[in-house]
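Undergrad: Quick one: structure below, then a few questions.
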Amino acid sequence: MYTKIIHYHIVVSILALLLSCEMKRTGIHAALTEEDANEIVKKYTNVLASADSARALGFWSSKSVNDPDFWYMHASRGFRISFSRWREFLASYSPRIDKVRSENEYAVIELTWTLKEPAAAQNQQPRIMRFYVVREKERWLFINPIDLLTRDWQSYESKHFIYHFPKEYRLEDHLHEIRANDQSFENMLRFFDLDLTDRLRFYKARSAPECGELILQPPANGLAPLPSKENTNPPFGAYNVISTSFYHPHEVAHCLAAVAGIPYDNAVVTEGFAVALGGVAGATEETTLQEARNLLEISKLLPLETLFIIPLSEFLRQNYITYYESGALVRFLYDRFGMGKLKEVCEYLNQPSRADESMERVLGVTISQLEKQFHAYLLRQQRKNIGFSIPPTATEMFSMKDPENDDTGDGDYVYPRHQNFAKGVFDLRQFAVLKDQHNAYFKITMSKLMTPAFYGSSDEQFTPCIVIAINYGRNGKRTLARDCHGVRFSPDEGYDLKLNIGSAVSVSNNLGKVCYTTPDIVYKFVNKEAHTIEVSIPVGMIGEPQEDWKYFVGIGLTSNRTMNFLYSGPMPVHQNHPVFISGGNFAFGNPDFIDILHPDTDEQVRILSRYDAAKNVKPIVVMIGHLN
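Take 163 as the starting number for the sequence shown in the working numbering and just add one per residue.
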């Protein structure tokens, strides 16, 4: 009996030792206490207040301090502040620990920076911040979340990028995006006259929330964590790009503009170069001049003297105007005056109160004269014509009816809470494709057509969006887009191009980016009595419809601000939202379609119900054609 007890204690001791070794190997440690969190934040705050960067480094994991983007991480969520400004910031703010959460291999400290004297700064708000911490060398140290949360991701090196992405992604599905990114990068290098040998690190996130979380920012489709212009020590070379897509030239352009020494304290400059060279989240750079011209023709462009001094909050609120206008202005200045003069203008725009004086000195024209030249430049841009009627002589190539009253998405989607969204305005009833020698024609029949909806005093017009993804059939090997607003196509299917019909008509390429857009039409050319929308597009733009073409058609929600700017089609569906379509199983993101072209309502529900945001699983939809 005594011998058995001895053996038992020996076994327990060995198991405890093995467990201890395993915990050290995997990084599992005792939970971070609130007392620990308060202590590390207090000590770190004291160092920040002293502006001693060498001592600040001692509070961070060795995995983070060698990253060129490290200093940018001194930022709170949605609020960017450079290391050199912390002393000033801490004169007004003090930290308060809100929550401490421990995971297997790390812990999270949620805190709020509160004003020491709230009455002294009426326009300043508390700042929310999150620190990730790990245990290293018997100490709790901060770690850049991008170094922590991507530690088990795959990597791949292209000519100009080092890609990092979750293990579940199949690289072969995204090589066409990677090739396009490299080509876009080379075009930008020529534009800036740069010879950059360092590869940029590119992180492909699963979702908009994850994209933001990797650099402690709100949900976003893409981010480039650039430091403030004033923070020039240590020097910066390559940068990180974080995106929900493998192809995001807008954020890449931000990086290269910084490397080229373009000042980026003024939003017109910051976003102007990114839009001019990389488009916006949902559109290519080719749409920049088109959309700026469209906005000019409906008197939406801001006067340049207003654009130059507009507050950042207002610049962002009117992003569907200001981004395109800034991008088109950069293109115009480059084409008209060259890069040297463009750089000088950018320097002066950091002092917007002197903009008029600066323009005359650098360009020899006043802001008013420059504006006239800019508008004339936009009006000279050629534009293809899209029509809204089908001649009786057109030949039908495909037609299919869709069940009535199946506009419920995965079974529980509901319409936006606005009287204009009467039952039936998202209910697809029939889809047809016709052609003649000049045009391809698309005819969409709905249960009901609606007048665009407005919310409050905003001029944003909400309306259904019809997405038509087109596969050119059996005409040789080519790269197809497999993702389409929350659904996917099978490996042997996908789209060559996509039409979005809503507040405007746009054409998207096989990268999912809008490459052509009309001015706002908002259903001006429809047959309201027949509940039909008819669109004609030159065959020179999209090709001549053939019998082996295949189609996917989905109905979602869009607006004149977001259709060609952020989403390249319909808006996301949230579980419960006062403006968007609501339903689905996930708070942020579900399939964006309330109805899809499918002959079986029950099967439509089953297909869309397979979405799982947590596991990055999208429903597989089938493209339908004449030869199916």
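Think of the CB as a built atom: it goes at the ideal place given N, C-alpha and C, for glycine as much as any other residue.
Could you pull out every residue in the same chain whose Cβ sits closer than 8 Å to the Cβ of K597, ignoring the five residues on either side in sequence?
TA: Contacts found: A556, T557, M559, Y603, V701, E706, P707.
Undergrad: Measuring alpha carbon to alpha carbon, tell me which of V442, F470, T406 ends up nearest N428.
TA: Checking every option, the nearest Cα to that of N428 belongs to F470.
Undergrad: Can you tell me whether H600 is buried or exposed? The criterion is at least 16 other CB atoms within 10 Å of its CB, across all chains shown.
TA: Burial call: exposed.
Undergrad: Assuming S407 contacts E519 (C-beta within less than 8 Å), just tell me the rounded distance between them.
TA: Not really, about 42 Å apart at Cβ, beyond 8 Å.
Undergrad: So what does I460 bridge to, in DSSP terms?
TA: Per DSSP, none; premise fails for I460.
Undergrad: Between K299 and L362, what straight-line distance do the alpha-carbon atoms span, to the nearest angstrom?
TA: Those two C-alpha atoms are separated by around 31 Å.
Undergrad: Need the endpoints of the beta strand (DSSP E) that G718 sits in, please.
TA: Here the beta strand (DSSP E) through G718 covers 712-721.
Undergrad: Between the alpha carbons of R258 and I290, how many angstroms are there, rounded?
TA: For R258 and I290, the distance between alpha carbons rounds to 10 Å.
Undergrad: S730: buried (16+ other C-beta within 10 angstroms of its C-beta) or exposed?
TA: Classification of S730: buried, given that the 10 Å Cβ count is 16 or more.
Undergrad: Would you tell me roughly how many angstroms separate the C-alpha atoms of K660 and V430, rounded to the nearest one?
TA: For K660 and V430, the distance between alpha carbons rounds to 31 Å.
Undergrad: Might you give, ordered along the chain, the residues of its own chain that have their beta carbon closer than 8 Å to the beta carbon of I483, omitting 5 neighbours on each side?
TA: Once the five neighbours on either side are set aside, the close Cβ partners of I483 are L457, K462, L463, L464.
Undergrad: Considering only their Cβ atoms, is the gap separating F435 from F494 smaller than 8 Å?
TA: The answer is no: Cβ separation not under 8 Å.
Undergrad: Going by C-alpha to C-alpha distance, which of F221, S226, D198 sits closest to R263?
TA: Of F221, S226, D198, the residue nearest in Cα terms is D198.
Undergrad: For P626, collect the residues of the same chain with a Cβ closer than 8 Å to its Cβ; drop the 5 residues on either side in sequence, then sort them by chain order.
TA: V587, F588, M608, M612, G664, I717, G718, L719, T720.
Undergrad: Runs of 4 residues minimum, wholly inside the stretch 492-568: which ones carry the alpha helix (DSSP H) assignment?
TA: The stretch 492-568 contains these whole alpha helix (DSSP H) runs: 517-525, 529-541.
Undergrad: Let's test the definition: count the other Cβ atoms within 10 Å of the Cβ of P753 and tell me whether it reaches 16, buried, or not, exposed.
TA: Buried, by the Cβ-count rule.
Undergrad: Would a check of beta-carbon distances place I695 closer than 8 Å to chain D?
TA: Of the chains in the structure shown, none is chain D; there is only one protein chain.
Undergrad: Apply the 10 Å Cβ neighbour rule to N726 and answer buried if 16 or more other Cβ atoms are within range, or exposed otherwise.
TA: N726 is buried by the Cβ-count criterion.
Undergrad: Have a look at the DSSP bridge pairing and note the partners of E298.
TA: In DSSP, E298 forms a bridge with R301.
Undergrad: Using only the alpha-carbon positions, how far apart do T680 and V442 sit?
TA: T680 and V442: Cα-Cα distance of roughly 16 Å.
Undergrad: Hey, would you say S226 sits closer than 8 Å to D309, going by beta carbons?
TA: Yes; because the gap between Cβ atoms is below 8 Å, this pair is in contact.
Undergrad: Determine which residues share a DSSP beta bridge with F323 and list them.
TA: L362.
Undergrad: Does the stretch 571-585 come into contact with the stretch 729-749, if we say contact requires no fewer than three beta-carbon pairs (one atom in each stretch) closer than 8 Å?
TA: Counting Cβ pairs under 8 Å, three or more are found: they touch.
Undergrad: Going along the chain, which unbroken runs of the beta strand (DSSP E) with 3 or more residues stay wholly within the stretch 603-675?
TA: You should have 624-633, 649-651, 659-663, 667-670.
Undergrad: Count the other CB atoms within 10 Å of the CB of G399; is the residue buried (16 or more) or exposed (fewer)?
TA: Interpretation of G399 is limited by its pLDDT of 49, a score under 50 that renders its predicted location unreliable; the figure taken from the coordinates is listed afterwards. Label assigned to G399: exposed.
Undergrad: Starting from Y426, follow its DSSP beta bridges and name the residues at the other end.
TA: None; Y426 has no bridge partner.
Undergrad: Starting from T468, trace the beta strand (DSSP E) in both directions and tell me its first and last residue.
TA: Segment 466-469 is the alpha helix (DSSP H) holding T468; no beta strand (DSSP E) there.
Undergrad: Out of P328, A211, Q737, I699, which has the shortest C-alpha to C-alpha gap to F251?
TA: Per the Cα distances, A211.
Undergrad: Check whether the stretch 344-354 touches the stretch 371-380, taking contact to mean three or more Cβ pairs, one atom from each stretch, closer than 8 Å.
TA: Counting Cβ pairs under 8 Å, fewer than three are found: no touch.
Undergrad: What do you reckon, are the CB atoms on L793 and L418 nearer than 8 Å?
TA: Any question about residue 793 goes unanswered here, given that the chain covers just 163 to 790.
Undergrad: What is the residue span of the alpha helix (DSSP H) that K205 lies within?
TA: Residues 196-212.
Undergrad: Counting pairs of Cβ atoms below 8 Å between the stretch 665-679 and the stretch 440-454, do you hit three or more?
TA: Segments in contact, yes.
Undergrad: Terminal residues of the continuous beta strand (DSSP E) containing P700?
TA: Here the beta strand (DSSP E) through P700 covers 694-700.
Undergrad: Count the other CB atoms, across all protein chains shown, that sit within 10 Å of the CB of Q766; report buried if there are 16 or more and exposed otherwise.
TA: The residue is buried, with at least 16 neighbouring Cβ atoms inside 10 Å.
Undergrad: Run through DSSP, which three-state label would K115 get?
TA: With the chain represented from 163 up to 790, any question about residue 115 goes unanswered, as that position is not in the structure.
Undergrad: Which residues does DSSP pair with N689 in a beta bridge?
TA: Answer by DSSP bridge pairing, in chain order: T694.
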